[in-house]
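Engineer: Structure in structure tokens, see below.
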Amino acid sequence: MMHVSMHVRVNHPPKELEIPGPKRVREVLRELGLIPEAYLVIRNDELVTEDEILRDTDIIDIRPVISGG
Amino acid sequence: MRCRKCPTRAVIKIPRHHTAFCGPCLTEFVRTQVQRAIKTERMFTPDDRILVAVSGGKDSLTLWEILLALGYRADALYVDLGIGGYSARSREKVEQFAQQFAEPRQARLLVHQIKEEEGAGIRELADLVRRPTCSACGTIKRYHFNRVALANQYDVMATGHNLDDEAARLLGNVLRWQEDYLHKQGPNLPASVEGFAKKVKPLYRLTEREIAAYALVNRIDYIVEECPMAKGSKMLLYKDVLNRLETESPGTKQTFYWRFLERQANQTSTAPSMQDTDRTVLQPCRLCGQPTTADTCMYCKMMARAKSALV
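Structure follows, in structure tokens:
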């Protein structure tokens with residue numbers, strides 16, 4: 002069986018990694034140690050909620066929302 | 006997850022309101038919150054001329070977009086701090102936004118360049134006057150926004166401070182018991198004395214996450230990277246702590262800040278108001294005329310020190 006994983010890009014500090022799917026958004030955030038309140042998760046250019054299932058081959062952008070203010 | 010207002014897929018869950026929205030319903034929710042803030046806090050009316058302080062970040066550009074969409078007369082001021090590539094990239098975002106959203110609505114973008122006017126970028130100026138960069142930056146930005154608002158006869162100055170900013174600032178002030186700063190933490194700061202423009206914060210009812218989601222849904226292209234000078238700032242630490250609390254107990258940030266505002270509004274103490282205090286302690290700076298507690302304001306002192314060091 003060929004294993005494909007989703008491509009995850011975390012902004013600030015920039016980091017790119019592959020995570021095997023399927024997984025819910027909240028699980029991916031937990032795995033990366035990120036607080037849901039401080040990030041937006043974008044799948045293939047579309048904003049998704051924490052209960053969405055992310056699949057292999059999805060391109061995921063995790064964007065921080067906090068600024069120094 | 007479905008949107009709570011229509012049968013489409015939700016793009017954001019908002020636990021503090023026990024709700025979730027699709028893109029268009031999020032847009033409606035955010036604009037309603039801003040309109041509510043403007044009305045309940047009596048920030049301005051459709052006849053007023055507003056000057057929005059823009060940085061290229063999500064909050065200020067979103068604020069400008071919402072005010073224009075709601076039909077307000079809003080121009081903006083961008084202060085170019087001269088922080089190398091970061092300032093160049095943020096300025097580009099502001100100019101692109103102005104072209105796309107503001108010009109079609111006859112709104113203007115004003116630009117002030119620190120390097121050109123003050124002779125050096127913010128980092129160099131802070132070094133010259135031996136002050137932390139963020140502190141020097143705050144002084145310079147406040148000075149120019151106030152100066153430009155008054156010189157161009159704007160009725161009010163609007164900033165993109167949101168619920169996270171205000172809750173984090175309140176936490177910082179409470180942790181140090183800096184009670185003197187608390188009376189200036191409201192979302193509507195009147196022009197207490199001549200020489201001060203009225204300042205408002207129409208995004209105070211919204212979290213950073215809701216604003217970032219609005220920007221994304223409405224294709225507002227903002228600078229995502231953090232200002233390199235903000236690294237290690239206390240504000241970021243306070244925001245992180247509050248977001249951890251918010252995740253475990255949704256509504257914490259809102260309750261903390263809004264209840265503080267309610268307490269301030271209901272206070273019947275004999276303590277003098279912000280206006281009374283300002284009228285007692287402030288006088289015009291002998292060099293620029295802007296209100297200050299000393300003979301010369303902090304901005305003019307900084308510039309004098311920087312100029313003598315640059316010669």
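Which chain is which? The protein sequence lines are A and B, in order. Under my numbering, the residues of the first sequence are numbered 2 to 70, in order. Under my numbering, the residues of the second sequence are numbered 6 to 316, in order. Heads up, the beta-carbon is just placed ideally off N, CA and C, and yes, glycines get one too.
1) What are the boundary residues of the beta strand (DSSP E) that includes residue 6/B?
2) Provide the residue span of the beta strand (DSSP E) that contains residue 3/B, from first to last.
3) Give, in chain order, every unbroken run of the alpha helix (DSSP H) that is at least 4 residues long and sits entirely within the region 241-315 of chain B.
4) How would you list, in chain order, the residues of chain A whose beta-carbon sits under 8 Å from the beta-carbon of residue 267/B?
5) Using the beta-carbon of each residue, which ones in chain B are nearer than 7 Å to residue 37/A?
6) Examine chain A for any beta-carbon lying closer than 8 Å to the beta-carbon of residue 25/B, and answer yes or no.
7) Check whether chain B comes within 8 Å of residue 3/A, counting only Cβ atoms and requiring the distance to be less than that.
8) Could you tell me whether any Cβ in chain B is nearer than 8 Å to the Cβ of residue 18/A?
9) With the cut-off set at 8 Å, would you say residue 28/A and residue 251/B are in Cβ contact?
10) So the candidates are 227/B, 291/B, 237/B and 260/B; which of them puts its Cα closest to the Cα of residue 97/B?
11) What residues in the region 226-239 of chain B bring their beta carbon closer than 7 Å to a beta carbon of chain A?
12) With distances taken Cα to Cα, identify the nearest neighbour of residue 34/A among 68/A, 69/A and 63/A.
13) Consider the Cβ of residue 5/B: report whether some Cβ of chain A lies at a distance smaller than 8 Å.
14) When the distance is taken between beta carbons, is residue 38/B closer than 8 Å to residue 210/B?
15) Less than 8 Å between the C-beta atoms of residue 125/B and residue 162/B, yes or no?
16) Can you tell which of 224/B, 160/B, 86/B and 153/B has the C-alpha that lies nearest to the C-alpha of residue 115/B?
17) For residue 3/A, name the three-state secondary structure that DSSP assigns.
18) Are any of the Cβ atoms in chain B nearer than 8 Å to that of residue 33/A?
19) Name the one or two DSSP bridge partners that residue 193/B has.
20) How would you call residue 253/B, buried or exposed, if buried means at least 16 neighbouring beta carbons within 10 angstroms?
21) Does the Cβ-Cβ distance between residue 149/B and residue 117/B come in under 8 Å?
22) Based on Cα-Cα distance, which residue from 260/B, 303/B and 173/B lies nearest to residue 241/B?
23) Assuming residue 269/B and residue 168/B make a contact with CB atoms under 8 Å, what is their CB distance in whole Å?
Structural biologist: Here's the rundown:
1) Counting along the chain, residue 6/B sits inside no beta strand (DSSP E), nor does DSSP assign it H or E at all.
2) Because chain B spans 6 through 316 in this model, residue 3/B falls outside it and cannot be assessed.
3) Segments of the alpha helix (DSSP H) lying fully in the region 241-315 of chain B: 257-271, 279-286 and 303-315.
4) Here the premise fails: no neighbours, minimum Cβ distance about 23 Å.
5) Within 7 Å of the CB of residue 37/A, the CB atoms of chain B belong to 252, in sequence order along the chain.
6) Yes, contact with chain A.
7) Below a pLDDT of 50, predicted positions are generally treated as unreliable, and residue 3/A, at 46, falls in that range; no measurement from the model is reported.
8) Judged by the 8 Å Cβ criterion, residue 18/A is not in contact with chain B.
9) No, the Cβ-Cβ distance between residue 28/A and residue 251/B is not below 8 Å.
10) Residue 227/B is the option with its Cα nearest to residue 97/B.
11) Those would be 229, 230, 231, 232, 235 and 238, in chain order.
12) The shortest Cα separation from residue 34/A among 68/A, 69/A and 63/A belongs to 63/A.
13) Nothing about residue 5/B can be reported from this structure: the residues present for chain B run from 6 to 316 only.
14) Against a cut-off of 8 Å, the Cβ pair of residue 38/B and residue 210/B comes out as a contact.
15) With a cutoff of 8 Å on beta-carbon distance, residue 125/B and residue 162/B are scored as not near each other.
16) Per the Cα distances, 153/B.
17) Caution applies to residue 3/A, whose pLDDT of 46 falls short of 50 and renders its modelled position unreliable; the value that the coordinates give is listed next. Three-state result, residue 3/A: coil.
18) Closer than 8 Å: no.
19) For residue 193/B, the beta-bridge partners assigned by DSSP are 205/B.
20) That one is exposed.
21) For the pair residue 149/B and residue 117/B, the CB atoms are nearer than the 8 Å cut-off.
22) The shortest C-alpha separation from residue 241/B is found at 173/B.
23) Taking C-beta atoms under 8 Å as the contact rule, residue 269/B and residue 168/B fail to qualify, at a distance of about 16 Å.
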